[in-house]
Every structure is written in structure tokens, then in C-alpha cells.
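The structure appears below as C-alpha cells.
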Amino acid sequence: MRLPRLTLSCCTLALLAGCKPVDDRKEITVEREIGKLAPKAELGLSLRERLGLKPVGAKPDGPPFTWEMPEGWTEAPGSAMRVANFTFGPEGKGECYFTVLPGGGGGLLLNLNRWRKQFGLEEVDQAAAEALPERRFLFGSGKAVDLEGAFQAMGASEAQPGYRLLGVIMPEVQLGDMQVAFFVKMTGPADAVAAQKDNFEAFCDSLRVGK
Amino acid sequence: MSRTNKQKSIPQKAFDFLSSYGLAVVLLALLLALTFFGTFAQVEHGLYDASNMYFESFIVVDDFKGIPLALPGVYLVSIVLFVNLLCGAIIRARKSWRRPGMIIAHGGILFILFSGFVAFHFTREGSMLLYKGDRADEIYNLTDWSIEVAKHGADGETLKTYVIEPDDLKPLYKKGARRVFHSAEIPFELELYGAVRNILNFKLEATGLVQEGAKANAGASLSGGFVEGFALAAQRPNKQAERNQPGTYIKVRRDGEELAHTLLLGGNGFTPRPLTVEVGEETWSVNLTRRRFSLPFGLELEKFEKEDHPGTQRAREYSSDVVRVDDGVPTDRYHISMNRPMRYGGFTVYQASWGPQNAAPGDPLYTTLAVAHNPADQWPKWATYIVAIGMAIHFFQKLVAYLRRAGRANRKQEDTP
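Read top to bottom, the protein sequences are chains A and B. Just so you know, we're using the numbering used here here: the first sequence kicks off at 8 and counts up by one. Just so you know, we're using the numbering used here here: the second sequence kicks off at 11 and counts up by one.
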């Protein structure tokens, strides 16, 4: 009978130790030494600026682009790489974004295979990549991509079946002094993407460099 | 003549209990069970949460495949085991020159447990992210968040920084929790409420930052109301705790007057964008940031090299060449690679990672260095030596005793007619 008694004692002790009340007032007592090389804080910012958001509808800085947002799409906050960012479909599960990457973006084959990998598809060779259909895009032409399968987004732990991707890749473009790559990528449940295919084409056609 | 249990005083009974073999058996069995459940919990909760829940807590309350669990945590069990070993194997044990080995070996085990305690409470660790040419002398803990309240000078330079520690923020992630923080050194008080541990979805999009009127977030369960057009909604914490981004509502008050009522979102430490609070002539800032520590030296990245597996973008090997900077002056050079850390001034700097992970060929890369200051860094090694010495003495004595007995038995046989 000693062992159960001992176990019970341990557990009771643990329960008592685990009870820790929360005060509703707490004094700040810790002071931190500041690094001599620490980055300087940006002061006097509004909430939107602190959050890194631009006012809704504003176009991001950088090479100026214009576009027409299709009806039924919702503008989402942009990021350093997503110049235009939208959601669509039920629960906003579908997304479409226009990305500009510096330095050529790794080329057509690497990006095509990266997208194929996200859909659990086997990699293809350069010849297959070159054989993709061309479509008019911005001031030239890009390769049109259409994939279906189980989509695993970057950072996602599980693939989502029944997804489709429509995309355009325009790699290694000389824009002024810079070499850049342009991408439009639409992903979402296959039926939602199919319903938005015309809007996707219209959005791609509406993209322009310059205001 | 030994006394019966009824004749013993309460302290004697307590000592008997704490030094008993029975308690040792229970504690070791609990450690075994906690290791088992804690390992499986990593699948469900992720490494960070499972470690907190099972290995760093006084008590574990969890659900293991539908079975409710309530056990003492590894932290508590380790403390009781330390006391048990100290009382049973050191104080109570018969001390004799005939068996010093076992006492030394148990002393080594106590040292291991003590090392764990010191490392748990006094280790400072974090990461440093450097692009080529960058210098830094602060590290960021990737999983723990704090609020820094800083006073700034006329040019925006930081004069003093006060810290609300991660342990004081964690209780606020519970629904409905609210707490006021104050200090005689700070001319205002902060009320935090509606805090959420994570606002990012699994795609690392800020779906927990809800914009007023946005259709995409309609129906989200808000942790507070809309403030300046935005509200917070808790998202499921990511199993990789470093990917969580917290947020909280904050009210700044001075003598009952509300100076600010807004949101704070966890930001990166590299471009701090805090809430600014003007009080008279003074400028203060409030920032929800990863827990930061400053180092007594700086590091400058001279070169970062990454070698990929052939035909892929998967890194096979990566390393950083850094220069230590003391008081703004570059001094010694170090090459840090995956299994070759830099050691200086009690700090160990490891090559941890690199990024951006989605960088295209030719894009600039940064290096992530993990920095740790653990006063007990080498103690487990020494403790292992002590245990080994104790065991060697013990087995040597046993061997000598055996050989003597065997010799005597042989002589007896030889003497037998």
C-alpha cells in the first residue's frame, strides 16, 4: 500500500504547486540593457503604419503597376513581394496575387517545378516547360500554367485535395536597370478557380507597367 | 535498537519518506511515464508546447488519446528526486571508506540534476539574423514574447527600456483575461486585454487581424471590439511555436485620462514599429516584441556560404564568417558552421539557419545564428566524469574484493588434504 500512497502524495503536491493566481495589477520591475548596435525604433507611426498596411485601395511602392480588380474579389494586404493580392470564393479560400521578384526569380523551369511540387506533381524538364502555352502579358508574353491536384502551400503541414492553380510566369525581364520576374498565381478549390477563370484572364490582361 | 514508526517524530517521518527507496521508485516511474506521454504530446501540441507542458511544469494536465491525465510535471519530479537522492544516497547512506564509489556516483547524479535546474533558470538564448555587412549585438528569443516600454531622447534614441516578461503575458492569452501594468519609473499605466497568442493561419497570413467591414473575415470570433478599424481574432497556435505572432488590445492611461486605446501586434525586432506615447515633453514607446537580450559584444557578418545538394535548392552545408566587434571596433574573426560553434565570454554561437527560404538564385541570403549563455553549459560533462569515477572506484573495489575471496578459496582448496 505504500506505493499508491506515495504516488497520491506526489500528485497532491503537484496540484497545490500548480495553483497560481493571476493578479490584475502587476508592477514592471525588469529593466533591460540596450544593445549599442540595436536598430532604432520608428516612432510616431499610426496603427496602419505600425501594422505595415497601406490604406485600402492604395498601390504599393516600387515599380508602379496598375490593374483592374475583378468584381467579387477582395483586396488583401500586400507584402514586399505581392504587389497585388486578392482573395475570392467561399470563405476567401481562393487567392490570386501578382508578384515581382528581383534577379530573374530563378527562371521558368525552377518556378514551374516549384509550383508542380506544391501540387504533388512530378518535375518536368526544360523542354516541357518551354512547351507551355504562351499568353500575352504586360509588355510581352508569359507562359500559362494550369495545374490540378492536392495543394500544399508554403508552410502548410497538410495538402488540400481538389485544388487548382492558374498562373502566368514571365521570368528574366529587363525593367529599366533591373532584371525582374513577373508571376500571377491563382490557387483555390478547383470549382472556385474554374468559376473565376474569366476574371483571372481579365486581371492578367488589365495589368500595366506605369500609372 | 530501531524505533517503530509510531515512536518517530514528524520530521523523522518526513525524512524517512523523502529518503525512501519507494519514493525513488515512484519518481523514476513517473519520469518514465512523463517521457512517454511528453514524446507523444509533441505530435499533438508541437515541440515547444509539449516541452512546456510536460518537462518544464509543476503539473501536467492533458488529454492523452481521450484519457485525461493529471500528473506531476518533470520539473517537480526532478526537484523531489534531487531531495530524495540527497537524503537517501548521501545523508542517510552508510559512509565508509569501503564504499566511496557509490557516494561519488550519486553525487554526480545530483550534480546533473542541479545542472538542469541552473540551465533551466539561467540560460539566455536567442537568435541573431544578419545579412552580409550587418552588425548586431542583440538576440531574440524565437518563442517568447515580451512588451518593451522604452523612453526615447530627442533624436529618438532609446534611453531606458523596461520589460513586461513573457511569464506575465502568458496568463493574458486566456479568454477574458485583463491586467494593468505599472511602474514608478513610467509616467503611465498599461491595461492589456483581449490578447491572442497567434493571429496567423497555417499559410502565415494575418487572418486574426480582422478589418472592419471585410467580408473575408465575417463571422470571426473576436477577442475584443474594433479599434481604429481593426480587431483581433485568435487563430489556432502553430505547432512550430516560432511561427506564432501574438497581438493584444492596449489602453494607455495617465491619472485616469486615456492616452491611447489601440492594438499591439508582435513585430520583428529588426524594424521596430512601436506604439508611440507622448507624455508632456517625454516620448515613450510600447512594443510587443520577441524577448530580447543584449550581448556584451557585437558580431558582423563578413560572408555567408551555402552549398546545395546537386541539382536542388536543399542546403547541404552552410557556414558564416563573422567578426567580433568590441565597442564598435572589429577584433577577432570566427568561422561558424553547423557543428563548429563560436565560443566567447561564456556565450556559444551556433549556425542555426538561413533565409529567406524562398529566395531565388542570386538573391541575398541572411544567416541565422543561435546564441546561448548557459552557466551550466559544461556541468553535465563534468557530472558524467564524476559518475564514471564513482562507478570505476566501486567496481574496482568489488573486483579486488572478489579476487581476494577467490584467492582465499583457492588457498583453502590447496590446503585441503
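Cβ atoms here follow ideal geometry from the backbone N, Cα and C, with glycine treated the same way.
Quick one: what does DSSP say residue i is sitting in, helix, strand or coil?
i: A:Leu52; result: coil
i: B:Pro21; result: helix
i: B:Pro340; result: strand
i: B:Ala39; result: helix
i: B:Glu317; result: strand
i: A:Val63; result: Caution applies to A:Val63, whose pLDDT of 46 falls short of 50 and renders its modelled position unreliable; the value that the coordinates give is listed next. It is coil, neither helix nor strand.
i: B:Asn1; result: Summary: the structure shown does not reach residue 1 of chain B, with chain B confined to residues 11 through 427, and so no result is reported for it.
i: B:Ser231; result: coil
i: A:Pro28; result: The predicted model places A:Pro28 with a pLDDT of 48, which falls under 50 and marks its position as unreliable; any figure quoted below should be read in that light. Coil at A:Pro28, not helix or strand.
i: A:Met8; result: With a pLDDT of 45 at A:Met8, under the threshold of 50, the modelled position of that residue is not reliable, and no figure is offered here.
i: B:Phe307; result: strand
i: A:Thr73; result: strand
i: B:Met9; result: Residue 9 of chain B lies beyond the stretch modelled for chain B, which goes from 11 to 427, so this question has no answer here.
i: B:Phe47; result: helix
i: B:Trp392; result: helix
i: B:Ser30; result: coil
i: B:Gly118; result: helix
i: B:Pro110; result: helix
i: A:Asp205; result: helix
i: B:Gln52; result: helix
i: A:Pro46; result: coil
i: A:Ile35; result: coil
Since residue i meets chain A, which of its residues come closer than 8 Å, beta carbon to beta carbon?
i: B:Glu222; result: By Cβ distance, chain A contributes nothing, its closest Cβ being about 11 Å from B:Glu222, past 8 Å.
i: B:Gly355; result: In chain order: nothing, as chain A lies at least about 15 Å away.
i: B:Thr272; result: Leu54
i: B:Lys105; result: Here the premise fails: no neighbours, minimum Cβ distance about 26 Å.
i: B:Leu430; result: Here chain B has residues from 11 to 427 only, and residue 430 of chain B is not among them.
i: B:Gly308; result: Gly42, Lys43, Leu44
Give the interface partners of residue i over in chain A, defined as CB-CB distance under 7 Å, in chain order.
i: B:Arg343; result: Correct list: empty, because the minimum Cβ distance to chain A is about 18 Å.
i: B:Thr49; result: What B:Thr49 touches in chain A: nothing, since even the nearest Cβ is about 19 Å away.
Chain B partners of residue i, CB-CB under 7 Å?
i: A:Leu50; result: His162, Gly166, Thr286, Thr293, Ser295
For a quick check, are the C-beta atoms of residue i and residue j less than 8 Å apart?
i: B:Tyr376; j: B:Tyr141; result: yes
i: B:Ala43; j: B:Leu81; result: yes
i: B:Ala386; j: B:Val87; result: no
i: A:Arg89; j: A:Thr106; result: yes
i: A:Glu59; j: A:Pro196; result: Sequence inspection shows Gly at residue 59 of chain A; the Glu mentioned does not correspond to that position. The answer is no: Cβ separation not under 8 Å.
i: B:Leu28; j: B:Leu91; result: no
i: B:Arg264; j: B:Glu201; result: no
i: B:Lys313; j: B:Asp331; result: yes
i: B:Ser440; j: A:Ala48; result: Not covered by the structure: residue 440 of chain B. The range shown for chain B is 11 to 427.
i: B:Thr258; j: B:Leu298; result: yes
i: B:Leu232; j: B:Leu273; result: no
i: A:Phe190; j: A:Val180; result: no
i: B:Ser329; j: B:His345; result: yes
i: A:Phe144; j: A:Val175; result: yes
i: B:Gly355; j: B:Pro306; result: yes
i: A:Arg171; j: A:Ala209; result: no
i: B:Pro340; j: B:Glu291; result: no
i: A:Leu139; j: A:Lys150; result: yes
i: A:Arg39; j: B:Arg302; result: yes
i: B:Ile157; j: B:Pro390; result: no
i: B:Thr217; j: B:Ala382; result: no
i: B:Gly118; j: B:Val397; result: yes
i: B:Pro181; j: B:Arg207; result: no
i: B:Phe198; j: B:Leu269; result: yes
Run down chain B in chain order and give the residues with a C-beta less than 9 Å from the C-beta of residue i.
i: A:Lys33; result: Ile174, Asp178, Arg189, Val190, Phe191, His192
i: A:Glu56; result: Arg283
List the residues of chain B whose Cβ lies closer than 8 Å to the Cβ of residue i, in chain order.
i: A:Leu116; result: By Cβ distance, chain B contributes nothing, its closest Cβ being about 12 Å from A:Leu116, past 8 Å.
Name the chain A residues whose beta carbon is nearer than 9 Å to that of residue i?
i: B:Asp147; result: Gly42, Lys43, Leu44, Ala45
i: B:Leu311; result: Neighbours of B:Leu311 on chain A: none; closest Cβ ~12 Å, over 9 Å.
(request) Counting only runs of 4+ residues fully inside the segment 144-217 of chain B, write out the alpha helix (DSSP H) ranges in chain order. (result) Complete alpha helix (DSSP H) runs here, min 4: 176-179.
(request) Output, in sequence order along the chain, the residues in the segment 287-304 of chain B whose CB is closer than 8 Å to any CB in chain A. (result) Correct list: Thr293, Ser295, Asn297, Arg302, Phe303, Ser304.
(request) Please list the residues of the segment 173-197 of chain B that have a C-beta atom closer than 9 Å to any C-beta atom in chain A, keeping them in chain order. (result) Cβ contacts with chain A: Val173, Ile174, Glu175, Asp178, Pro181, Leu182, Lys184, Ala187, Arg188, Arg189, Val190, Phe191, His192, Ser193, Ala194, Glu195, Ile196.
(request) Return the residues of the segment 149-169 of chain B that lie within a Cβ-Cβ distance of less than 8 Å from chain A, sorted by chain order. (result) Residues Glu158, Val159, Ala160, His162, Gly166, Glu167, Thr168.
(request) Kindly provide the ranges of any alpha helix (DSSP H) runs that are 4 or more residues long and lie completely inside the segment 86-171 of chain A, ordered along the chain. (result) Correct list: 115-125, 133-137.
(request) Taking only runs that begin and end inside the segment 60-108 of chain B, name each unbroken alpha helix (DSSP H) of 4 or more residues, in chain order. (result) Within the segment 60-108 of chain B, the runs of alpha helix (DSSP H) at least 4 residues long that lie entirely inside it are, in chain order, 84-95.
(message) By the 9 Å beta-carbon criterion, what residues does the segment 36-48 of chain A contribute toward chain B?
(response) For the segment 36-48 of chain A, which is checked against every Cβ of chain B, the residues closer than 9 Å are Thr36, Val37, Glu38, Arg39, Glu40, Ile41, Gly42, Lys43, Leu44, Ala45, Pro46, Lys47, Ala48.
(request) Pull out every residue of the segment 138-169 of chain A whose Cβ sits closer than 9 Å to any Cβ of chain B, in chain order. (result) Listed by position, the residues of the segment 138-169 of chain A near chain B (Cβ gap below 9 Å) are Ala160, Met161, Gly162, Ala163, Ser164, Glu165.
(request) With 9 Å as the C-beta to C-beta threshold (strictly closer), list the residues of the segment 230-246 of chain B near chain A in chain order. (result) Of all residues in the segment 230-246 of chain B, only Val237, Glu238, Gly239, Phe240 place a beta-carbon less than 9 Å from a beta-carbon of chain A.
(request) Closer than 9 Å, Cβ to Cβ, to anything on chain A: give me those residues from the segment 44-70 of chain B, in chain order. (result) If the cut-off is 9 Å between Cβ atoms, the segment 44-70 of chain B has Ser67, Phe68, Ile69, Val70 near chain A.
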